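Residue numbering for the sequence shown follows numbering that gives the first Met the number 0, starting at 0 and increasing by one per position.
In what follows, a structure is listed as structure tokens, so that the remarks can point back to it.
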Amino acid sequence: MDESARWILAPGQLTSREPIDFSRWAKHSSVYISSVTVSELLTGVHMAKTQAIKMRRSAFVEYIITKIAAIAFDDTIARIHAELHAHLIKKGKMIDAHDLIIAATAIHSGFPVLTNNVREFERVPGLKLIDAEPVI
């Protein structure tokens, strides 16, 4: 499979109320998430207001975790993150801390980020993006 058929999914794509059809994606690409996305999804589980919502969210998140491989945040990605972080601070164009980890993960992996938040991610130099609107 060629590199252009692989991408990292930003968490916004996993929180929609629409059912997610992973088989459709698997036919055309390899999908990954950052380990920080796993944390964000699990935080949503723990923030549930009722036990019923918590159980439903937990089942959904565990399903996601079993279907999409997570790329761990390691020292190599941390170095890329630090360089990007310093660059964006100097330019006065910081983005969300978790989004910056996702961006560093994508740059390290050589994969684009599929997101509906292109305006934020496009501030990151060297990051390839795919606008989720026409894809999902």
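The C-beta atom is built at its ideal place from N, Cα and C for all residues, glycine as well.
For clarity, every value in this text was computed on a predicted model and none was experimentally measured.
Residue burial classification, residue i (beta-carbon count within 10 angstroms, cutoff 16)
i: Ile88; result: exposed
i: Ala104; result: Per the sequence shown, residue 104 should be read as Thr rather than Ala. When all chains shown are included, Thr104 counts as buried.
Same chain only: Cβ atoms within 8 Å of residue i, ignoring 5 sequence neighbours per side
i: Ala9; result: Thr36, Asp98, Ile101, Val112, Leu113, Thr114, Asn115, Asn116, Phe120, Ala131
i: Leu83; result: Leu99, Ala102, Ala103, Ile106, Val123, Pro124
i: Ile129; result: Trp6, Pro111, Val112, Leu113, Thr114
Assigned secondary structure, residue i (DSSP; H/G/I helix, E/B strand, else coil)
i: Val117; result: helix
i: Val175; result: Missing from the structure shown is residue 175; the chain here goes from 0 to 135 and no further.
i: Ile67; result: coil
i: Val30; result: strand
i: Ile79; result: helix
i: Ile129; result: strand
i: Ile94; result: coil
Presumed contact (8 Å Cβ cut-off) between residue i and residue j, rounded CB distance
i: Leu7; j: Ser33; result: Leu is not the amino acid found at residue 7; the sequence shown has Ile there. Their Cβ separation, rounded to whole angstroms, is 6 Å, which keeps Ile7 and Ser33 in contact under 8 Å.
i: Ile70; j: Ser29; result: Not a contact, Cβ separation roughly 11 Å.
Beta-carbon contacts of residue i that lie in its chain and below 6 Å, excluding the five residues immediately before and after
i: Ile79; result: Ala103, Ile106, His107
i: Ala68; result: Tyr31
i: Arg170; result: The displayed coordinates of the chain run from 0 to 135. Any statement about residue 170 would go beyond what the structure contains.
i: His86; result: none
Cβ neighbours of residue i in the same chain (closer than 7 Å, five flanking residues each side left out)
i: Ile76; result: Ala103, Thr104, His107
i: Met93; result: Leu87
i: Asp74; result: none
Any non-hydrogen atom of the ligand PLP closer than 7 Å to residue i Cβ
i: Ala51; result: Because no ligand of any kind appears in the structure shown, any question about the ligand PLP cannot be addressed here.
I'd like to know if the segment 108-122 and the segment 43-53 are in contact, where contact means that at least 3 CB-CB pairs between them fall below 8 Å. no
If we count Cβ pairs, one from each stretch, closer than 8 Å, do we get three or more for the segment 56-66 versus the segment 92-102? no
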